[in-house]
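Following this note's numbering, the numbering of the sequence shown begins with 2 at its first residue and continues without gaps.
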Amino acid sequence: MEMSENNVEFKEPGRLTTWIKYLLYVQVALALIAIGSNLMEYQLLTDFQNGVYFNQEMAVADAESNDKRQQIIAFSYLAVFIISGILILKWIYQSNQNARYLGAKDMTFTPAWSIGFYCIPIVSLWKPYQAMKEIWQASQNPNNWQLEKAGPILGIWWFFWIANSVVGQVVFRMSRRAQEISEIMNVNLVSQVSEVLSIPLAIVTWLLINNISNMQKAQIEGDVEKAETAEDSDLQPAK
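Structure below.
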């Protein structure tokens, strides 16, 4: 097999993708729990707004209990999101390298920039998508990757990524200004939208990762099979 210009080695994605898969499962589960918890908080805020509580001590106790529950869920989700995000970025870097090892030439995005653009404002709105599209094309057909079309799942993945990112920013900005009960209730509702969006995002992200990883494994297995066939042919006695 012809090595890439950087002489990188092919890295089997199996173990990494397994960790990503389970972390995304946990992320979906926590999102569902967060939705339920937010519904409970919204009901509590509604009760406050309607003056249901006649006992201040009970109101304070319920509010503190709600805050503790919300904090535990929020910190748990944040921890899983950060860990899974780091592993996904590692997978993107590795997949870019693997595509080069498989023979893809003249790729526009280096392994470093394929993940670096996620951290740069403005260009992060389209460059990461282009980098992922290139990885898809190069994984599907390393020798003629420029001619390959990207799968529709790429567009779906990027739509949910952008939508969830935008809603997340809205939640952050609203929560900083919210003081009145009605404002906190609005933050709660927008938070639920973010949590709902995070579920299909996690699912589509896994499908995208799995598809690209399978394409790369199929490519490397095909090359190994060709090499073994050629070796067997060389061992055959000349007639």
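Note that beta-carbon positions come from the ideal geometry of N, C-alpha and C, so glycine has one too.
Under 8 Å, do residue i and residue j count as touching if we go by C-beta distance?
{"i": "ILE136", "j": "ALA100", "result": "yes"}
{"i": "LEU103", "j": "GLN217", "result": "yes"}
{"i": "LEU24", "j": "ILE84", "result": "yes"}
{"i": "GLN141", "j": "VAL81", "result": "no"}
{"i": "MET175", "j": "VAL194", "result": "no"}
{"i": "GLN138", "j": "GLU149", "result": "yes"}
CA-CA distance, residue i and residue j?
{"i": "LYS91", "j": "PRO201", "result": "21 Å"}
{"i": "LYS22", "j": "GLU196", "result": "18 Å"}
{"i": "GLN243", "j": "PHE11", "result": "In the structure as shown, the chain begins at 2 and stops at 240. Residue 243 is therefore absent and cannot be evaluated."}
{"i": "PHE160", "j": "GLN50", "result": "36 Å"}
{"i": "ALA151", "j": "VAL168", "result": "26 Å"}
{"i": "LEU88", "j": "GLN44", "result": "37 Å"}
{"i": "SER199", "j": "TRP207", "result": "12 Å"}
{"i": "ALA179", "j": "VAL172", "result": "10 Å"}
{"i": "LYS240", "j": "GLY223", "result": "Low per-residue confidence applies at LYS240: pLDDT is 48, beneath 50, and the placement is therefore not dependable, though the value from the model is reported in the following sentence. So the two alpha carbons sit approximately 28 Å from each other."}
{"i": "ASP63", "j": "ILE204", "result": "34 Å"}
{"i": "SER5", "j": "PRO14", "result": "Residue placement at SER5 is poorly supported in this model, since its pLDDT is 44, which falls under 50; the coordinates still yield a value, given next. Those two C-alpha atoms are separated by around 18 Å."}
{"i": "ILE210", "j": "TRP158", "result": "11 Å"}
{"i": "MET133", "j": "ASP68", "result": "39 Å"}
{"i": "ILE221", "j": "TYR119", "result": "28 Å"}
{"i": "ALA105", "j": "ASN215", "result": "17 Å"}
{"i": "ALA60", "j": "VAL53", "result": "9 Å"}
{"i": "ALA164", "j": "ARG177", "result": "20 Å"}
{"i": "ALA35", "j": "LEU79", "result": "12 Å"}
{"i": "ILE182", "j": "SER166", "result": "25 Å"}
{"i": "GLY86", "j": "LEU33", "result": "19 Å"}
{"i": "ASN56", "j": "GLN71", "result": "23 Å"}
{"i": "TRP127", "j": "GLY156", "result": "11 Å"}
Within 10 Å of its beta-carbon, does residue i have 16 or more other beta-carbons around it, so buried, or fewer, so exposed?
{"i": "ILE73", "result": "exposed"}
{"i": "LEU40", "result": "exposed"}
{"i": "THR19", "result": "exposed"}
{"i": "LEU31", "result": "buried"}
{"i": "ILE123", "result": "exposed"}
{"i": "ALA219", "result": "exposed"}
{"i": "GLU58", "result": "exposed"}
{"i": "SER38", "result": "buried"}
{"i": "TRP162", "result": "buried"}
{"i": "GLU65", "result": "exposed"}
{"i": "GLU42", "result": "buried"}
{"i": "PHE76", "result": "exposed"}
{"i": "ILE213", "result": "buried"}
{"i": "PHE110", "result": "buried"}
Report yes if the C-beta of residue i is less than 7 Å from at least one heavy atom of the ligand HEM; otherwise report no.
{"i": "GLY15", "result": "With respect to the ligand HEM, the structure offers nothing, as it holds no ligand at all."}
Is it true that the region 113-125 meets the region 77-95, where meeting means three or more beta-carbon pairs spaced less than 8 Å apart? yes
Any chance the region 144-151 sits against the region 179-198, with 3 or more Cβ pairs inside 8 Å? no
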